[in-house]
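Reading through the structure tokens given below for one structure.
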Amino acid sequence: SAREYRQRSLLEKELLFYAYDVFGIPFVDPDSWTPEEVIPKRLQEKQKSERETAVRISQEIGNLMKEIETLVEEKTKESLDVSRLTREGGPLLYEGISLTMNSKVLNGSQRVVMDGVISADECRELQRLTNAAATSGDGYRGQTSPHTPSEKFYGVTVFKALKLGQEGKVPLQSAHLYYNVTEKVRRVMESYFRLDTPLYFSYSHLVCRTAIEEAQAERKDSSHPVHVDNCILNAEALVCIKEPPAYTFRDYSAILYLNGDFDGGAFYFTELDAKTVTAEVQPQCGRAVGFSSGTENPHGVKAVTRGQRCAIALWFTLDARHSERDRVQADDLV
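Per the UniProt record's numbering, residue 1 is the first one in the sequence shown, and the count goes up by one each step.
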């Protein structure tokens with residue numbers, strides 16, 4: 001009967017477990033229903049210890065594998081940064097443009113500061129164009145103070161400037177200058193970073209931010225808080241999430257400054273914590289800062305506490321599908 005079979009099986013197991021315990025002859029029980037009392041106490045403790053050791057070894061191997069993966073990732077990133085550093089440094093294309101700071105000086109990768117991109121006369125002409133053509137809050141969904149209540153923002157796109165120029169509302173020559181200067185910066189960025197794929201305009205914006213005089217007392221905020229151009233920065237978690245509503249298709253960014261006669265307003269790079277400043281760039285007429293738009297380049301703008309800070313902000317993509325519609329319309333007007 002089944003009862004007799006079970007009883008005989010248990011007696012056999014007792015003998016086998018005894019041999020395992022006393023003589024060290026291994027026995028693996030094939031059944032899960034074997035009562036615990038059949039197994040000698042000393043053997044139970046030994047098996048428990050072996051299981052715990054196996055779990056600990058498994059955890060240690062897992063931790064070791066994670067450490068190896070992290071080291072491989074770090075080495076891969078280092079080699080990628082080195083390859084990028086060796087790649088950048090291409091021709092600046094135009095006479096008068098000089099290299100002021102490269103990635104090494106700026107303590108990062110895919111960073112550059114150039115001077116002499118445009119002349120003092122061109123800076124003044126573009127600044128006049130901004131003040132004549134720009135709309136309060138333009139480019140910021142109509143918000144006049146999108147980043148801080150202590151400053152007002154005025155902006156104009158290339159297409160809008162050309163349209164106003166054709167309507168006789170602003171000098172057409174100034175609108176054409178705006179168009180040509182943005183193309184100049186695009187070409188220089190493409191050349192300096194030795195890109196194999198063309199850069200396409202993702203968004204172009206001539207913008208002035210003006211300090212509101214009565215709103216500067218005890219001010220502690222930034223003109224533009226630290227952010228990354230193509231992902232959502234979570235500084236506390238030290239991560240940047242590359243998904244909408246971030247402009248995930250942006251690959252390179254550039255800012256061309258039109259003036260420096262204001263207080264504050266320095267551009268700065270940070271680590272992913274948004275606190276550790278790695279480099280700072282003081283705006284001045286004809287100076288451009290260019291960089292890749294990813295997690296390697298979090299950046300912000302210090303508070304403008306007096307005067308007006310004007311610049312052309314440019315974002316580029318390597319994907320033609322995300323080319324700026326405004327730019328295509330501007331090309332047609334030109």
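C-beta: ideal position from N, C-alpha, C; glycine also.
Please read these numbers as outputs of a predicted model, since none were measured by experiment.
**Message:** Rounded to the nearest angstrom, what separates N102 and S49 at their Cα positions?
**Reply:** 59 angstroms
**Message:** Distance check for I68 and R209, CA to CA, integer angstroms please.
**Reply:** 48 angstroms
**Request:** Can you have a look at R327 and say buried or exposed, based on whether 16 or more other CB atoms are within 10 angstroms of its CB?
**Result:** buried
**Asked** Near D29, what residues of its chain come up, given a Cβ to Cβ distance below 7 angstroms and the 5 sequence neighbours on each side ignored?
**Response** K13
**Item:** Euclidean distance between Cα positions of G307 and G300
**Value:** 19 angstroms
**Prompt:** Which residue's Cα is closest to the Cα of G155: Y179, V207, L177?
**Reply:** V207
**Asked** How should E243 be labelled, buried or exposed, when 16 other C-beta atoms within 10 angstroms of its C-beta is the threshold for buried?
**Response** exposed
**Request:** Would you check if there are 3 or more beta carbon pairs closer than 8 angstroms linking the segment 87-99 to the segment 112-130?
**Result:** yes
**Request:** Let me know the secondary structure DSSP gives Q166 once reduced to three states.
**Result:** Note: Q166 maps to helix in three-state DSSP.
**Prompt:** Tell me the DSSP bridge mates of A279?
**Reply:** F269
**Message:** Mapping the DSSP letters down to three states, classify K152 as helix, strand or coil.
**Reply:** DSSP, read as helix, strand or coil, puts K152 in strand.
**Request:** Give the straight-line distance between the Cα atoms of A215 and Q329, rounded to the nearest whole angstrom.
**Result:** 39 angstroms
**Request:** Output the distance between the C-alpha atoms of G139 and V239, rounded to the nearest integer angstrom.
**Result:** Unreliable positioning characterises G139 in this predicted model, as indicated by a pLDDT of 46, which lies under 50. A coordinate reading is not provided.
**Message:** Under 8 angstroms, with one C-beta from each stretch per pair, do the segment 175-182 and the segment 223-236 reach the 3-pair mark?
**Reply:** In short, these stretches do not touch, since the Cβ pair count stays below three.
**Message:** Mapping the DSSP letters down to three states, classify G260 as helix, strand or coil.
**Reply:** coil
**Message:** Please classify Y192 as buried or exposed, where buried requires at least 16 other C-beta atoms within 10 Å of its C-beta.
**Reply:** buried
**Exposed unless 16 or more other CB atoms sit within 10 angstroms - verdict on L11** = Classification for L11: exposed.
**Asked** Three-state secondary structure (DSSP) at S136?
**Response** Reliability of the predicted coordinates at S136 is poor, the pLDDT of 44 falling under 50, and the value obtained from them is presented with this limitation in mind. Strand.
**Request:** Alpha carbon to alpha carbon, how far is V277 from G108? Give it in angstroms, no decimals.
**Result:** Straight-line Cα distance between these residues: approximately 11 angstroms.
**Request:** Tell me, to the nearest whole angstrom, how far the beta carbon of A254 is from that of A279; I am working on the premise that it is less than 8 angstroms.
**Result:** With 8 angstroms as the limit, A254 and A279 do not qualify as a contact, their Cβ atoms being about 16 angstroms apart.
**Prompt:** Given 8 angstroms as the limit, is there contact between the segment 289-296 and the segment 125-132, that is, 3 or more CB pairs closer than that?
**Reply:** For the pair of segments examined, the segment 289-296 was found not to touch the segment 125-132: the number of CB pairs separated by less than 8 angstroms stays below three.
**Prompt:** Between the C-alpha atoms of E236 and K275, what's the straight-line distance to the nearest angstrom?
**Reply:** 10 angstroms
**Request:** Could you tell me if Y203 is buried or exposed, where buried requires 16 or more neighbouring beta carbons within 10 angstroms of its beta carbon?
**Result:** Using a 10 angstroms sphere on the CB of Y203, the tally of other CB atoms reaches 16 or more, which defines it as buried.
**Request:** Taking all protein chains shown into account, decide if S174 is buried (16 or more other Cβ within 10 angstroms of its Cβ) or exposed.
**Result:** Under this definition S174 is a buried residue.
**Request:** Please report how far the alpha carbon of S222 lies from the alpha carbon of L162, in whole angstroms.
**Result:** 32 angstroms
**Request:** Evaluate P283 with the Cβ neighbour count: other Cβ atoms within 10 Å of its Cβ, from every protein chain shown; 16 or more gives buried, anything less gives exposed.
**Result:** Per the 10 Å Cβ criterion, buried.
**Request:** Ignore the nearest five residues each way along the sequence and tell me which others in V185's own chain have a CB closer than 7 angstroms to its CB.
**Result:** Within the same chain, V185 has close Cβ partners V117, A254, L256, A288, L314.
**Item:** Host alpha helix (DSSP H) of R176 (start-end)
**Value:** The sequence given here places His at residue 176; Arg does not occur at that position. From DSSP, the alpha helix (DSSP H) with H176 extends over 172-192.
**Asked** Which residues does DSSP pair with C285 in a beta bridge?
**Response** C285 is not bridged to any residue.
**Request:** Report the residue from F159, R187, E190 whose alpha carbon sits nearest the alpha carbon of H176.
**Result:** Measuring from the Cα of H176, the nearest candidate turns out to be F159.
**Request:** Report the residue from R6, V188, L15 whose alpha carbon sits nearest the alpha carbon of D31.
**Result:** Minimum Cα-Cα distance from D31 among the listed residues R6, V188, L15 corresponds to R6.
**Asked** Name the DSSP bridge partner or partners of S204?
**Response** L314
**Request:** Give a yes or no on whether the C-beta atoms belonging to A217 and D263 are separated by under 9 angstroms.
**Result:** no
**Prompt:** Leaving out the 5 sequence neighbours to the left and right, which residues in its chain are closer than 8 angstroms to A19 when beta-carbon positions are compared?
**Reply:** Cβ contact annotation for A19 (same chain, cutoff 8 angstroms, sequence separation greater than five): I25, F27, in chain order.
**Prompt:** Exposed or buried, which one is S150 when buried takes at least 16 other CB atoms within 10 Å?
**Reply:** buried
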